[in-house]
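K.L.:
Sequence order for the protein chains is A and B. Residues in the first sequence are numbered consecutively from 41, following the working numbering. Residues in the second sequence are numbered consecutively from 41, following the working numbering. The C-beta atom is built at its ideal place from N, Cα and C for all residues, glycine as well. Source: prediction; values computed, not measured.
Protein chains: 2
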Amino acid sequence: LTGESIRVPLGDRSYDVEVGRGLLKEWGARLHACGARGRVALVTSTPVDELHGETARRSIREAGLDPLALSVPDGEAAKTPAVAAELHERLLDAGAERGTWVLALGGGTVGDVAGYAAATFMRGVPFAPAPTTLLAQVDASVGGKTGVNLPRGKNLVGAFHQPELVLVDLATLDTLPGRQLAAGWAEVAKAALIADAELFRYLESSVDAVVERRPEAVSRLVASAIRIKAEVVGEDERDLNGRRALLNFGHTVGHALEGAAGYGTLLHGEAVAIGMSVASRIACELGFLSPEDETRSRSVLERLGLPVRLPAVSVDAVLERLKHDKKVREGRVRFVLTGPIGVASLHADVPHSLVRDALASLTSAGDGMTPSHGEPHP
Amino acid sequence: LTGESIRVPLGDRSYDVEVGRGLLKEWGARLHACGARGRVALVTSTPVDELHGETARRSIREAGLDPLALSVPDGEAAKTPAVAAELHERLLDAGAERGTWVLALGGGTVGDVAGYAAATFMRGVPFAPAPTTLLAQVDASVGGKTGVNLPRGKNLVGAFHQPELVLVDLATLDTLPGRQLAAGWAEVAKAALIADAELFRYLESSVDAVVERRPEAVSRLVASAIRIKAEVVGEDERDLNGRRALLNFGHTVGHALEGAAGYGTLLHGEAVAIGMSVASRIACELGFLSPEDETRSRSVLERLGLPVRLPAVSVDAVLERLKHDKKVREGRVRFVLTGPIGVASLHADVPHSLVRDALASLTSAGDGMTPSHGEPHP
Chain A
41 LTGESIRVPL GDRSYDVEVG RGLLKEWGAR LHACGARGRV ALVTSTPVDE LHGETARRSI
101 REAGLDPLAL SVPDGEAAKT PAVAAELHER LLDAGAERGT WVLALGGGTV GDVAGYAAAT
161 FMRGVPFAPA PTTLLAQVDA SVGGKTGVNL PRGKNLVGAF HQPELVLVDL ATLDTLPGRQ
221 LAAGWAEVAK AALIADAELF RYLESSVDAV VERRPEAVSR LVASAIRIKA EVVGEDERDL
281 NGRRALLNFG HTVGHALEGA AGYGTLLHGE AVAIGMSVAS RIACELGFLS PEDETRSRSV
341 LERLGLPVRL PAVSVDAVLE RLKHDKKVRE GRVRFVLTGP IGVASLHADV PHSLVRDALA
401 SLTSAGDGMT PSHGEPHP
Chain B
41 LTGESIRVPL GDRSYDVEVG RGLLKEWGAR LHACGARGRV ALVTSTPVDE LHGETARRSI
101 REAGLDPLAL SVPDGEAAKT PAVAAELHER LLDAGAERGT WVLALGGGTV GDVAGYAAAT
161 FMRGVPFAPA PTTLLAQVDA SVGGKTGVNL PRGKNLVGAF HQPELVLVDL ATLDTLPGRQ
221 LAAGWAEVAK AALIADAELF RYLESSVDAV VERRPEAVSR LVASAIRIKA EVVGEDERDL
281 NGRRALLNFG HTVGHALEGA AGYGTLLHGE AVAIGMSVAS RIACELGFLS PEDETRSRSV
341 LERLGLPVRL PAVSVDAVLE RLKHDKKVRE GRVRFVLTGP IGVASLHADV PHSLVRDALA
401 SLTSAGDGMT PSHGEPHP
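Dropping the structure here:
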């Protein structure tokens, strides 16, 4: 099996993200090599279980481990405090101990709730996700963010809990619906836009290969995005010094949009694509990003099949949601802006009116591509 | 104000435990010096609020902070997932952000649930407890263990979340009922028994002063116990290398007893005192602890007003509970044993029959003071 290991450098909590095609067949052996023993809890959802459960369980059993299957609902319905509590109960039923590993096989929601359950079970048990969506592979599974949603917002309850090992089997992307795949590419584009101009040029030049799921392009882009994320997380594990906050490019508006549109309407990556489109608009207005680079940023997203304009939601509903964003500090919304492509910075002083105008210009009816330089923003 | 600062050495998560009489009047200023700003959530229970709430709030306000009072039930009733969830809701109601500090004013249960709520709100917000019971001052408030109970056991759900500052106002002990105070001295005796023979001799020589609450003895013992805990936590933050596990001396049987007797029947410190008595019995049987030191260990506890024999519970019920202890690894109960006084070690191989005999010999009817050296324990 070909593949590569990407180290997330976090001192005594460092771990590897292993990336390659067909790695799921080796999951058990690699878990065992990292210290897993005896009974392990395997959290998954029914659709993922049908596709990959048997491969995973066989690999786990072949390594001498004893997988206990725990099923969670599909999609965001899994990310609730009640599901995490149910996982705890089932872990107790199974006699789980402080050394019992929790594995997650599935997309970001499976990983988030399983990771949160692992983080809070007996003050934390070992966690190892094998993400099966592109979004989870390049983003959610690296960095230790776990959590569940409350009715008032996403990820309002959660914990940092670094995994022991992340296994990225690129073959799981073969069965991923195109819409979900595109949503994952949004995070890859994000990584390039905030940190790697060269990777962005490669993405621009290989959009066709990406859309056709050609293994070489997929592999290079996924590994590069993970490498960027690993580096940022290594510098700012707990999102404290501003470095990790740059990964939130597109997420401030993205999260607000997901909520305003009704969770489940937009995929996370789609909401982030729109959020990046809005942030690029703002960055251009403020003079950080050239009009050409604003266009390039948006164009790649569109060519990847992603939305770059607001769905049918009111601008006011989005603005109201922004107020409750976790990234709010002392009442001010913080925006990540790019400029030039490959460089990102954090801004706490974006005028409210500019945010409103950018949102309004990118409603489905609006013409977001017409810059409005020079307008006053009191 | 006199007082001293004890550093808990945890790299970029290091913090100070400030110990002295009357420190609560300076809480606000010290929180501000550590970075607290604006609105802070002050979690407390009604009885503690009546005694110390006004002093705390005035101090917080004088430092320019805005305390939001959040009340939790008194005692173990506070340590439930539902109370933690309610704290989250109230934090959201109040517009809490990722930088909002959560303060805890009260005993261990207030600190545990407030700390857990802080650990899991938006993946962790700053936490600063001012423990008002001796038990919480010398034990629970240092080291970052937070959690809530499930019907099946204590602290089954929780997280490690180091505080920013721990404020120990020894004057809060003046109003503490004698039984609760004694329960706290159990943890001080524990610290001496596992790590500091000289401190144990001082404790033996000053039991009368301790029982009379003489400030000098109280201050020296509390600070010494915190120093021991800080050192152990600094070496083994997450309870991984066995060092921190030594702090569980008396806790293995203690936790089982608390549950078997019905939560609330025994105070935690009382259960730990009995647990230490049982562990000393086992250590003597195994030849680690001399019969004289077994007697000294138990005698200090009794003179402090602590129980050293099992209450009216069946030995089988205690043994059954032991199986579900968090400290179980691969099915084996791990015991911390002392020998000689001031030195502790971890044992995973204590024969089941020996545990049973030690428990049986220390039932209220039994005669635990008669050693039974030489009996076989297959």
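Relative to the C-alpha of G184/A, which candidate in E277/A, A122/A, I234/A and L71/A has its C-alpha closest?
P.N.:
The residue you call residue 184/A lines up with position 144 of the first sequence. The shortest C-alpha separation from G184/A is found at E277/A.
K.L.:
Counting only Cβ-Cβ distances shorter than 7 Å, please list the residues of the stretch 115-136 of chain B near chain A, keeping chain order.
P.N.:
Residues P121, A125, H128 and L132.
K.L.:
Is the Cβ of G198/B closer than 8 Å to any Cβ of chain A?
P.N.:
The residue you call residue 198/B lines up with position 158 of the second sequence. With 8 Å as the cut-off, G198/B counts as an interface residue toward chain A.
K.L.:
For Y156/B, which residues from the same chain have a beta carbon less than 7 Å from its beta carbon, with the 5 sequence-adjacent residues on both sides left out?
P.N.:
The residue given as residue 156/B occupies position 116 in the second sequence. If we look at Y156/B and ignore the five residues flanking it on each side, its Cβ neighbours are A124, T186, G187, V188, G198 and A199.
K.L.:
For a contact meaning CB atoms closer than 9 Å, what does F161/A contact in chain B?
P.N.:
Within the first sequence, residue 161/A is the residue found at index 121, counting from 1. Under the 9 Å cutoff, chain B gives L196, V197 and G198.
K.L.:
Rounded to whole angstroms, what is the Cα-Cα separation between L394/B and I322/B?
P.N.:
Here the question's residue 394/B lines up with position 354 in the second sequence. Here the question's residue 322/B lines up with position 282 in the second sequence. Computed Cα separation, rounded: 7 Å.
K.L.:
Please state whether DSSP places G62/B in a helix, a strand or coil.
P.N.:
Walking along the second sequence from the start, residue 62/B turns up at place 22. Residue state, collapsed to three classes: coil.
K.L.:
Consult DSSP for P49/B and reduce its assignment to one of helix, strand or coil.
P.N.:
Counting from one through the second sequence, the residue named residue 49/B turns up at place 9. P49/B falls in the coil class under three-state DSSP.
K.L.:
Can you find the residues in the same chain that come closer than 6 Å, C-beta to C-beta, to V250/B, ignoring five residues on each side of it along the sequence?
P.N.:
Position 210 of the second sequence, counted from the first residue, corresponds to residue 250/B. Contacts found: A257.
K.L.:
Could you name the residues of the same chain whose beta carbon sits closer than 7 Å to that of T95/A, not counting the 5 residues immediately before and after it, in chain order?
P.N.:
Residue mapping note: residue 95/A aligns to position 55 of the first sequence, counting from 1. Taken in chain order, the residues that qualify are L64 and K65.
K.L.:
With DSSP as the reference, label D356/A as helix, strand or coil.
P.N.:
To locate residue 356/A, count along the first sequence from 1; it is residue 316. Helix at D356/A.
K.L.:
Whose C-beta lies closer than 7 Å to the C-beta of L386/A among residues of the same chain, with five residues either side of it excluded?
P.N.:
Counting from 1 along the first sequence, the entry for residue 386/A is found at position 346. Excluding residues within five positions, the ones whose Cβ falls inside 7 Å are G282, A285, L286, R374 and V376.
K.L.:
With a cut-off of 8 Å, do at least 3 Cβ pairs link the stretch 394-404 of chain A to the stretch 312-328 of chain A?
P.N.:
Contact between the stretch 394-404 of chain A and the stretch 312-328 of chain A is present, because at least three Cβ pairs lie under 8 Å.
K.L.:
Taking buried to mean at least 16 other C-beta atoms within 10 Å of its own C-beta, is D279/B buried or exposed?
P.N.:
As a position in the second sequence, residue 279/B is number 239, starting the count at 1. When all chains shown are included, D279/B counts as buried.
K.L.:
So T378/B is in the beta strand (DSSP E); what residue range does that whole segment cover?
P.N.:
Position 338 of the second sequence, counted from the first residue, corresponds to residue 378/B. T378/B -> beta strand (DSSP E) spans F375 to T378.
K.L.:
Is there a Cβ from chain B that is less than 8 Å from the Cβ of K185/A?
P.N.:
Position 145 of the first sequence, counted from the first residue, corresponds to residue 185/A. True, the Cβ-Cβ gap to chain B drops below 8 Å.
K.L.:
Kindly provide the ranges of any alpha helix (DSSP H) runs that are 4 or more residues long and lie completely inside the stretch 53-116 of chain B, ordered along the chain.
P.N.:
Whole alpha helix (DSSP H) segments, 4+ residues: 67-73 and 94-102.
K.L.:
According to a CB-to-CB cut-off of less than 7 Å, which residues of the stretch 162-174 of chain A neighbour chain B?
P.N.:
Within the stretch 162-174 of chain A, the residues whose Cβ lies closer than 7 Å to some Cβ of chain B are M162, R163 and G164, listed in chain order.
K.L.:
Compute the distance between the beta-carbons of V353/B and A313/B, then report whether it is under 8 Å.
P.N.:
Residue mapping note: residue 353/B aligns to position 313 of the second sequence, counting from 1. Residue mapping note: residue 313/B aligns to position 273 of the second sequence, counting from 1. No, the Cβ-Cβ distance between V353/B and A313/B is not below 8 Å.
K.L.:
Please confirm if R192/B has its CB atom under 8 Å from at least one CB of chain A.
P.N.:
As a position in the second sequence, residue 192/B is number 152, starting the count at 1. So, interface residue.
K.L.:
Would you mind working out which of G294/A, W67/A, G62/A and C324/A sits nearest R98/A, comparing C-alpha positions?
P.N.:
Residue numbering aside, residue 98/A sits at position 58 when the first sequence is read from its first letter. If we check each option's Cα against that of R98/A, W67/A comes out closest.
K.L.:
Output the distance between the C-alpha atoms of A122/A and R253/B, rounded to the nearest integer angstrom.
P.N.:
Walking along the first sequence from the start, residue 122/A turns up at place 82. Walking along the second sequence from the start, residue 253/B turns up at place 213. Each residue's Cα considered, the two are about 46 Å apart.
K.L.:
Among the residues of its own chain, which have a CB less than 6 Å from the CB of A159/A, if the five just before and after it don't count?
P.N.:
One-based indexing of the first sequence puts residue 159/A at position 119. The residues are T186, A199 and H201.
K.L.:
Judging by CA-CA distance, which residue of T172/A, E227/A and G379/A is the nearest neighbour of V208/A?
P.N.:
The residue given as residue 208/A occupies position 168 in the first sequence. Here the closest residue by C-alpha is T172/A.
K.L.:
Between V273/B and A311/A, what straight-line distance do the alpha-carbon atoms span, to the nearest angstrom?
P.N.:
Residue mapping note: residue 273/B aligns to position 233 of the second sequence, counting from 1. Residue mapping note: residue 311/A aligns to position 271 of the first sequence, counting from 1. Roughly 43 Å between the two C-alpha positions.
K.L.:
Compare the C-beta of M409/B with all C-beta atoms of chain A and state if any pair is closer than 8 Å.
P.N.:
For the purposes of this step, residue 409/B is taken as the residue at position 369 of the second sequence. Residue placement at M409/B cannot be trusted, given a pLDDT of 43 that sits under 50; what the coordinates show is reported in the next sentence. No, no contact with chain A.
K.L.:
Per the contact definition of three or more C-beta pairs closer than 8 Å, is the stretch 134-152 of chain A in contact with the stretch 77-87 of chain A?
P.N.:
Counting Cβ pairs under 8 Å, three or more are found: they touch.
K.L.:
Exposed or buried, what is K119/A when buried is set at 16 or more other beta-carbons lying within 10 Å of its beta-carbon?
P.N.:
Taking the first residue of the first sequence as 1, we reach residue 119/A at position 79. So K119/A counts as buried.
K.L.:
Tell me which residues share the same chain as H417/A and place their Cβ nearer than 7 Å to its Cβ, disregarding the 5 neighbours each side in the sequence.
P.N.:
Position 377 of the first sequence, counting from 1, holds the residue named residue 417/A. Residue placement at H417/A is flagged as unreliable, the pLDDT there being 42, under the threshold of 50; a coordinate-derived value is accordingly withheld.
K.L.:
Please classify K119/A: does DSSP put it in a helix, a strand, or coil?
P.N.:
On the first sequence, position 79 is the one that residue 119/A refers to. Coil.
K.L.:
Where do the N-terminal and C-terminal ends of the beta strand (DSSP E) with K363/B fall, by residue?
P.N.:
The residue labelled residue 363/B in the question sits at position 323 within the second sequence. Per DSSP, K363/B belongs to no beta strand (DSSP E) and is neither H nor E.
K.L.:
Smallest Cα separation from N296/B: which of D356/B, V165/B and L127/B?
P.N.:
Residue 296/B sits at position 256 when you count from the first residue of the second sequence. According to the sequence shown, residue 296/B is Ala rather than Asn. The residue with the shortest Cα to Cα distance from A296/B is D356/B.
K.L.:
Run through the DSSP bridge pairs and tell me what A144/A is partnered with.
P.N.:
Along the first sequence, one-based indexing puts residue 144/A at 104. Its beta-bridge partners are V83/A and P169/A.
K.L.:
Which two residues bound the contiguous alpha helix (DSSP H) that contains T335/B?
P.N.:
Counting from 1 along the second sequence, the entry for residue 335/B is found at position 295. Start and end: P331 to R343.
K.L.:
Quick check: the Cα distance between G43/B and V57/B, rounded to an integer number of angstroms?
P.N.:
On the second sequence, residue 43/B is found 3 positions in, with the first residue counted as 1. On the second sequence, residue 57/B is found 17 positions in, with the first residue counted as 1. Straight-line Cα distance between these residues: approximately 10 Å.
K.L.:
Grab me the residues of L91/B's own chain with a C-beta within less than 8 Å of its C-beta, minus the 5 sequence neighbours each way, in chain order.
P.N.:
As a working note, residue 91/B is residue 51 in the second sequence. So the qualifying residues of the chain are T172, T212 and T215.
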